[in-house]
Structures are given as structure tokens and as C-alpha cells.
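Residue numbering for the sequence shown follows this note's numbering, starting at 175 and increasing by one per position.
Each residue gets a CB set at the ideal place from its N, CA and C atoms; glycine is no exception.
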Amino acid sequence: MCVLAAVVQLAACGGGDGGDPLASFKSQKLIWQSCDPQILGDSGAAILNKFNVTLEQFGTRLSCATMRAPLDYANPSKGELQVAFMRVAAEDPAQRKGAIMFNPGGPGGDGLILAPVFGAMWSGANEQTTTGALYKQMARSFDLVGFSPRGMGASTRLSCSSSETKKFVANETADRTPANLAAMLYNARLTAEACARNPLTPYINTDATARDMDLMRHLLGDEKLNYYGISYGTWLGTWYASLFPERVGRMVLSGVVNQQQSLAMTFLAQPMGYQRAFDQVILPYAARHAGIFSLDGSAASLGTVFAALDVNLQVAVSQMVTGYLGNAKNATNVVLAVVAGKKLDGLLKAVDVQALLNAGNTTAAAALVNERIATTDFAQTPTLNGQRYDLNATARQLALQLASGFFEQVNRVTGPVNDVGGEALAYAVPSNDTAMGMDIDAWMAATNSNALNYSLAGGMFTNWPGLYWGAPSVTRPPLERAAQAGAIVMLQTSLDAQTPVEGAEQSLTALPNASIVLIRNDYTHGPMLPYGQSCVDDPVARYFLSGTPMPRRTECDGNALLWDSLQPMTAQ
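Printed below as a string of C-alpha cells:
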């Protein structure tokens, strides 16, 4: 009898033929068909729009399929779930070298979208350049395959929900009082308990996802798996390589997770990474162009500006800034977010606004503040080389978003646990993969230290559900087995905040078959290829196309930040 039918929506039970327990899964016939226009959801559609990509532009090269996979690879007879795939076929089937499978990270990122995004970048490459010709050849030679990892997206979804209301958490970095810490731990336990109630939870882990990838490799008819993993996707990549070293083809790992420790420990390193990128890149960048980025000169001293903000406003600014610190192309928005925060702080401290706040009339206060934001100037609107850059309008829009975040804090907005899909995976996968490596007391000591030393976002991850999760549901294969695979290429920026370079260096030490391309003076997390520098782009493309070996270590200059490239080293 199949177990968990209601949870995983079984179509049939795998195994049971007395031979290969995966036989029924390996013999399935995938039906590649037109993709549902809504398959990526609103967030995916927004990402496509950002890259100026449509699904329709690929015509019949784009198709989707759903694969049956065992719920439990250790016992395939337990039942099955569904894993959704999207494929952009090679432009020239006669030149096809295989497929490249993508994972965007997270855990909890939906990889479906990477097939059309990379497909558009590579198909649209300029063949008149050396780099462009290489990536155009990539488009001709490889199917590009994205997928929703089990538990999320268009695959069978994991849900962690509870009717019990989470406690309100004040500024997690600035407020380390016993009461606020207790609220964070209460919420962590509530989330862990909600996930534990779902019988699907133990089967959402990296081991199962790696085996899903291998099953799809088999169904595609490829002898080897070619793979491009970003962030958590690098953890997934080495897990696959440790399970199936003989089946690894080309493997690029971008934004490398420290492979020698748990995912939770990598998360714990992020506050340092964010602070370092902010201090070493954003602060001097803002100071170089302070007169453009701010009207009051505040861009020249962003560090002290952030520290002086209202603690509720700091929460909103921190969340916005750390979001933008994932890609150096957003460096100007990081500056404008803090500049907008300073101006907003002044609007919030106006006598009439304070009177409304003190009276508890936050609705009227919010309306008044938003009205004033609309008439407040924040930054310049310069024209350079014939192009107008409306930095003021951007800063004003950011101020409106920050005001919304501020009032959420003031109103102590909270609710029940309701983590579905990617949100649930973010907790389930790290906790099911490995033990955390420290107990609650040690974790709290570490996050207290982060909060003290990294004012931008030091308190993040205090409320980690893994503290209450219990034992992992799988055993990670020895990393030494991944060293038996073919050549692996790591791509890393020197100031990556989310996967700090120290972790990539330790991973390189553990994998003698790996090479690293280190991009200096850039904090972009998980660079996408082509990056924009031939030193980075060309050798990796040649590696994909022909297996051309790469040196153990290559170092390249990073791309210039936007305003430095427009107006080099111009101080205002």
C-alpha cells in the first residue's frame, strides 16, 4: 500500500518488480509539451521581465515535463512525488553535446526560470566577439534544463503551517534583550514543529534532490550530468558528485558554499559578509559620488547615517540593503536606500507625525509620511553622455517601501507560521541534510557576537528553526568522493556576502580536482555567465564546450560599479 498519498498526490507506486527498485521510474516516458504560461508564477514573471525575456521567444525549443520520482529513494515502494522541469533545447540538434542542468540556490530557489534566462543570454550573444561566439556555441550545443526542486514551485510542494501566532520580534540586531531573544527562539520552535507535522518533510533534502537530478539525466539519455549550480546549488553539486563521481560531466559552481561545514554555519557567516561588502565597497563608492547620490551630503558618511536611524526603520533599511547586496549592479540602490532612510527618518520625527504615532494613529501617520515623501527630494537627476539617470525618483520609491517596513514594525505585525514551497525548503533542506554543529547556547553566543560586531544585519538567523529540528534525515556522502569526479570549476567573487570567499577557499582545499576563478573587488553573489570580463567568461565556456583544463587558480578584475564606469573616480 502506498504511504502519504494525500500529501504527495501519488500517481502510482514505484518499485515492486523484484529487480531494480527504481525500474518503474527509470522506464517512464517524459511528455515534453508546451509550458503553462503561469508555471513560473508572478515572481518568476517579474524576473523574466527584468531580463527582458519571454517564454514565447524560444518557440518550440521551450518545453516542460513532469517527472515521477520516488518519495524515498531508500524505499521506493513508499510512494512518489512530482518534479517539474523546463527545457530550452539546443539550437542545433546535430551539434548537441548534452544538457546542462541548473540550480539557483536557496535552498528554495526555483530553477525552472534559469533555462529561459540563460537561453536568452547565450542565444543572444554577439558572435562578432570572441566571448559572444563561445556562448553562442553553448546555445547551439546544449539543452538548458531548469527544475523546481522537490517540495516547491511546480513540483510537489512542502507546506509548514500552524494556527498558532508567532511572537513579534523587534530589531533582531539592535535589540538583544532577553525578551526579544526569547521571541525569536519561540518562533524558531514554532516553525520547526509546523514542519515536523508534515509527513513529507523528511524527504525534502539534498540527497533526494541530487538523485532526482540523476534520474532526469538518465531519462534525457545523457551518460554524464553537466551542471551549473549557484549558492546552495554548489552544495547540491558536490553532493551529486559525491554520490555519482563517475557521472559528472562539466560542473560549474558559482558563489561557493563552504563544503567543509554545515549550511547553517555558512548562514552564520553572512552577517560578516554583508558588513564587509558594505564597508569595503559601498561606503567608498558612496563617498566618491556623494553629491550625486544625496542632496545633503549624507552619502559621504553612510555608516554613521545607518547607526543613527530609528531602530524600527533600521529593520527596513537592513532588509533592503542586504537584498541589494546580492549583486554589485545594485550598488547605487544600496546607497540610495540608506540616503532615503535618512530623509525618511527626518520625516518620521516631525512633530505632527510623532503626535500621531504617540496617539497610536499609525494609519494617519503613514498617510502623512507618504504624502511628504512624494514632495521630498532625495538625490540628483543627472544627465551623462546623453542619458538621464533619475536617482531622485528611485530614492523616493525606496523611501515609500521603507516607510511600509517601518510601519509594519511599529504596528507589531505578525501572524501564524505559513511557509510554503521555497520558504519551507529554506528550513527543511539544511536541517535534514546535516546536524547544525552547535547547540542552542553556542548558537546564541555566536549570533550575539555577530549582532555586536556587524551592525548592518548581525542578528539575522538567530531564529533558526534547525535549533529545534532533531536529527538529519539523510547522511551526507563523504566529500572525498567528489574528488574522484572530473574537473570542477568554482566561480567566486572576493567580497561575496552570502557565501564569503573564505568558504570557497576551504572548499578548494578539499577538492584537488577543482579550479577557482576569483573575481576581485566584486561582491556579486553567484555570478552568472557571461560575467562581462573575458578573463572570466572565455575559459569557462571553453571548459564547457571541450573540457579544456583550467589552472588551479585564476584571478580576474571585477566589473566597475555603475557610477564609477559612467564618471570614473569623480568626487562630488
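Would you say the region 635-643 touches the region 466-485, given that touching needs at least three Cβ pairs under 8 angstroms?
no
Does the region 615-623 come within contact of the region 380-387, defined as at least 3 CB pairs closer than 8 angstroms?
no
If you run the structure through DSSP and keep just helix, strand and coil, what is P686?
coil
Out of P290, G325, A573 and D564, which one is the CA nearest neighbour of G283?
G325
Rounded separation between F316 and K224 - CA only
24 angstroms
Alpha carbon to alpha carbon, how far is A734 from Y377?
43 angstroms
Could you give the distance in angstroms between the alpha-carbon of Q183 and the alpha-carbon of T240?
Because Q183 sits at a pLDDT of 39, beneath the cut-off of 50, its placement in the model cannot be relied upon, and the following sentence gives the value as read from the coordinates. About 13 angstroms.
Assigned secondary structure, C142 (DSSP; H/G/I helix, E/B strand, else coil)
In the structure displayed, the chain extends from 175 to 746; residue 142 sits before or after that span and is not available.
Any contact between the region 295-315 and the region 617-627? By contact I mean 3 or more CB pairs, one from each, below 8 angstroms.
No, the region 295-315 does not touch the region 617-627.
Please name the residue, chosen from S492, L510, M446 and Y642, that lies closest to S605 on a Cα-to-Cα basis.
Y642
What are the boundary residues of the beta strand (DSSP E) that includes S605?
For S605, no beta strand (DSSP E) run applies; the uninterrupted alpha helix (DSSP H) run containing it begins and ends at G596 to D607, by DSSP.
Quick one: what's got a C-beta closer than 7 angstroms to G700's C-beta in the same chain, skipping five residues either side?
Leaving aside the five residues that flank G700 on each side, the residues in its chain whose CB is nearer than 7 angstroms to its CB run, in chain order, G279, I404, S405, S428 and G429.
Output needed for R727: all residues of its chain with C-beta closer than 6 angstroms, excluding positions within five of it in sequence on either side, in chain order.
I690
Sort L364, T496, N544 and G595 by Cα distance to K517 and report the nearest one.
N544
Could you give the DSSP three-state label for P590: helix, strand or coil?
strand
Simplified DSSP assignment, three categories, for L469
coil
A656 in three-state terms, based on DSSP:
helix
Three-state secondary structure (DSSP) of S201:
Coil, per DSSP.
Considering only heavy atoms of the ligand GTP, does any lie closer than 6 angstroms to the CB of K523?
Within the structure as shown, the ligand GTP is missing, as the structure has no ligands at all.
Residues in the same chain with beta-carbon distance under 7 angstroms from Q680, minus the five sequence neighbours each way, listed in chain order, please.
N432 and Q434
Whose CA, out of L318, P445 and T673, lies closest to the CA of L626?
For the residues L318, P445 and T673, the minimum Cα distance to L626 belongs to P445.
Spell out the partners DSSP gives I274 in its beta bridges.
Answer by DSSP bridge pairing, in chain order: L318 and N400.
With distances taken Cα to Cα, identify the nearest neighbour of A671 among K398, A659 and Y498.
Nearest of K398, A659 and Y498 to A671, Cα basis: Y498.
If I measure Cβ to Cβ from V509 and keep anything under 6 angstroms in the same chain, skipping five residues before and after, which residues do I get?
A460, F467 and A473
Quick one: Cα of E301 to Cα of A313, how far?
If I take the Cα positions, the gap works out to 12 angstroms.
Quick check: the region 487-501 against the region 526-545, are at least 3 beta-carbon pairs closer than 8 angstroms?
no
Taking only beta-carbon atoms, is C334 less than 7 angstroms away from chain B?
Within the model displayed, chain B is absent; a lone protein chain is all it includes.
For the alpha helix (DSSP H) that E367 lies in, which residues bound it at each end?
E367 -> alpha helix (DSSP H) spans P352 to A370.
Q122, enclosing alpha helix (DSSP H) - first and last residue
Examination of residue 122 is not possible in this model, given that the chain is present from 175 through 746 alone.
Nearest-angstrom beta carbon gap, M610 and G640 [assumed within contact, 8 angstroms]
About 5 angstroms separates the two Cβ atoms, so the contact holds.
Taking the alpha carbon of Y414 as the point to measure from, which residue in P651, V584, N559 and D551 has its own alpha carbon closest?
P651
Excluding sequence positions up to five away, which residues of its chain have a Cβ less than 6 angstroms from the Cβ of I274?
F316, L318, N400 and Y402
Only counting the same chain, and skipping five residues up and downstream in sequence, which positions put a Cβ closer than 7 angstroms to that of A357?
K341, F342 and V343
Enumerate, from N- to C-terminal direction, the unbroken alpha helix (DSSP H) stretches of 4 or more residues contained entirely within the region 606-631.
614-627
Exposed unless 16 or more other CB atoms sit within 10 angstroms - verdict on W206
exposed
K523, buried or exposed, once every other Cβ within 10 Å from all chains shown has been counted against 16
exposed
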